[in-house]
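Visitor:
Residue numbers (my numbering): 296 to 753.
1. Just the Cα atoms here: how many angstroms apart are residue 537 and residue 686?
2. Starting from residue 353, trace the alpha helix (DSSP H) in both directions and tell me its first and last residue.
3. Mind checking residue 514: buried by the 16 CB within 10 Å criterion, or exposed?
4. Can you give the Cα-Cα distance for residue 417 and residue 378, rounded to whole angstroms?
5. Could you pull out every residue in the same chain whose Cβ sits closer than 7 Å to the Cβ of residue 314, ignoring the five residues on either side in sequence?
6. Within a Cβ cutoff of 8 Å, which residues of the same chain sit near residue 597, ignoring the five residues on either side of it in sequence?
7. Note down the Cα distance separating residue 588 from residue 548, rounded to an integer number of angstroms.
8. Am I right that residue 532 and residue 643 are in contact with their C-beta atoms under 8 Å? What's the rounded C-beta distance?
9. What does the alpha-carbon distance come out to for the pair residue 646 and residue 439?
10. Pop quiz: residue 324 and residue 738 are said to be a contact at Cβ under 8 Å. What is the actual Cβ separation, rounded to whole angstroms?
11. DSSP has residue 516 in a bridge; who is on the other side?
12. Work out the CA separation of residue 303 and residue 312 for me, nearest whole Å.
13. Using DSSP with H/G/I as helix, E/B as strand and the rest coil, what is residue 557?
14. Run through the DSSP bridge pairs and tell me what residue 589 is partnered with.
15. Quick one: which unbroken alpha helix (DSSP H) runs of 4-plus residues sit fully inside the stretch 610 to 662? Chain order, please.
16. Can you name, in chain order, every residue of its own chain whose Cβ lies under 6 Å from the Cβ of residue 423, other than the five neighbours on each side?
17. Look at the alpha carbon of residue 584 and the alpha carbon of residue 382, and state the distance between them as a whole number of angstroms.
18. Could you give the uninterrupted runs of the alpha helix (DSSP H) lying entirely in the stretch 651 to 719, keeping only those of 4 residues or more?
19. Quick check on the burial criterion: 16 or more other C-beta atoms within 10 angstroms. Buried or exposed for residue 747?
20. From what residue to what residue does the alpha helix (DSSP H) around residue 469 run?
21. Whole angstroms is fine: what's the gap from residue 338's alpha carbon to residue 375's?
22. My output table needs one value for residue 756: the three-state DSSP class, helix, strand or coil.
23. Exposed or buried, what is residue 401 when buried is set at 16 or more other beta-carbons lying within 10 Å of its beta-carbon?
24. Can we count residue 673 as close to the ligand PLP, meaning its CB is less than 7 Å from some heavy atom?
25. Could you pull the DSSP bridge partners for residue 335 from this structure?
26. What's the gap between the Cα of residue 623 and the Cα of residue 572?
27. So residue 446 is in the beta strand (DSSP E); what residue range does that whole segment cover?
28. Whose C-beta lies closer than 6 Å to the C-beta of residue 330 among residues of the same chain, with five residues either side of it excluded?
29. Provide the residue(s) that pair with residue 502 in DSSP beta bridges, ordered along the chain.
30. Could you work out which residue in 749, 579 and 634 is closest to residue 595 when comparing CA atoms only?
31. Based on DSSP bridge pairs, tell me the residues matched to residue 300.
32. Exposed or buried, residue 663, counting other C-beta atoms within 10 Å across all chains shown (16 or more means buried)?
33. What's the call for residue 692, buried or exposed, on a 16-neighbour Cβ count within 10 Å?
34. Starting from residue 584, trace the alpha helix (DSSP H) both ways and give me its first and last residue.
35. Where residue 460 and residue 618 are concerned, what is the direct C-alpha to C-alpha distance, given to the nearest angstrom?
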């Protein structure tokens, strides 16, 4: 195996700044093993766009290579097809999808342009690893340039049931383009199964077993590779001075009360309105909790230019005000809703100080907050994770209290189970999950994919 070339919408950082998550750590580790290139969008919009001079930065054996987009490219590729079309469809939200054909044309064009700029940098022995829904058609473009190098792809978000994907115009063409990769990785077995079903039923592939598909004389591997975190590093982060300061602040603020924590971007896939309603139901059905626990929801805005996201934020502000107006007392605020970001060290401390981690997306590829919450806990007195059955993490974390996020009653009952759980049971559940997180961490995830790619390239 020669160098590794990683392709993603955004790149870096190549150096550890203390803010990098598990994915960045894993990719830098993979790149450092062989040397190579991390290639993607610069984050800049310019008149030259994808014809601009490549921006190159080197750290030891790894080079970061970035290029611009024009405003038209950004609007059609990123804000348009990626986030107004693919994101809602892949999260089972056909009602929110914008099937604008111009978006798709721009998406395919930008994939072609990125492939055209990367092509001259590829050496014969390189392995190419492409990330996420921004680049579904990228391998097909490289194959069209006669690039024969091994190519892997990993989808970080869900892959829906064939009946859902079929609503996407040109879904068959998109799927066939994905089959130009040699290896397709998904977060869960369900996602991999959904892709294989669609490829067989709609795109002309044949399932030959052992997670393999045959299409046009080629064999493509499609299987689950659940992404992990650096559990040991995050556990240590929760004991850092910054984390301890946040723990002390929260303990003083809570005054002996218990805290439920939720940390999610403002996004319709995260089930935040449903979560607030479930918390209200908890206070209704289990009135002994009034004045004894609070929900802190940290929800930094994302894609704030999209109407659906603006609407969710307004709804959450109204719901938080409604719950507080209904239940608050002079010395107790039931819901604290914070629309700001916190550094990872601060989050580690906040998780550690919280009795319940509430992770209830309506759909999620994996959800690393669930894993970080467990990694941050005290072994002697751990909190309890309440987890949506529709988060990919539920496949790996059966010891969590698993709930249906669409049912306010079930989520409320799950929270009640968590806050009344005996110490011994809390420790047993936490230990099982923490051990699994350490075994299947971010480095193990990337290396398992690289091992399978190496096997293909032999």
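C-beta: ideal position from N, C-alpha, C; glycine also.
Guide: Working from what's here:
1. 29 Å
2. Residue 353 -> not in any alpha helix (DSSP H); beta strand (DSSP E) instead, spanning 350 to 354.
3. exposed
4. 29 Å
5. Note on residue 314: pLDDT 48, under 50, position unreliable in the model; the coordinate value appears next. Closer than 7 Å at the Cβ level, and outside the excluded window around residue 314, lie 638 and 639.
6. 560, 561, 562 and 604
7. 12 Å
8. 4 Å
9. 48 Å
10. 5 Å
11. 478 and 507
12. At residue 312 the pLDDT is 45, less than 50, meaning the model places this residue with poor confidence; the figure from the coordinates comes in the next sentence. Straight-line Cα distance between these residues: approximately 19 Å.
13. strand
14. 554
15. 639 to 647
16. 300, 444 and 446
17. 37 Å
18. 663 to 670 and 703 to 714
19. buried
20. 466 to 473
21. 16 Å
22. It is not possible to answer for residue 756, since the shown part of the chain is limited to 296 through 753.
23. buried
24. Absence of the ligand PLP from the depicted structure is noted, as is the absence of any ligand whatsoever, leaving it without description.
25. 361
26. 15 Å
27. 446 to 449
28. 298 and 356
29. 508
30. 634
31. 332 and 423
32. buried
33. buried
34. Segment: none, residue 584 is in no alpha helix (DSSP H) and carries neither H nor E.
35. 37 Å
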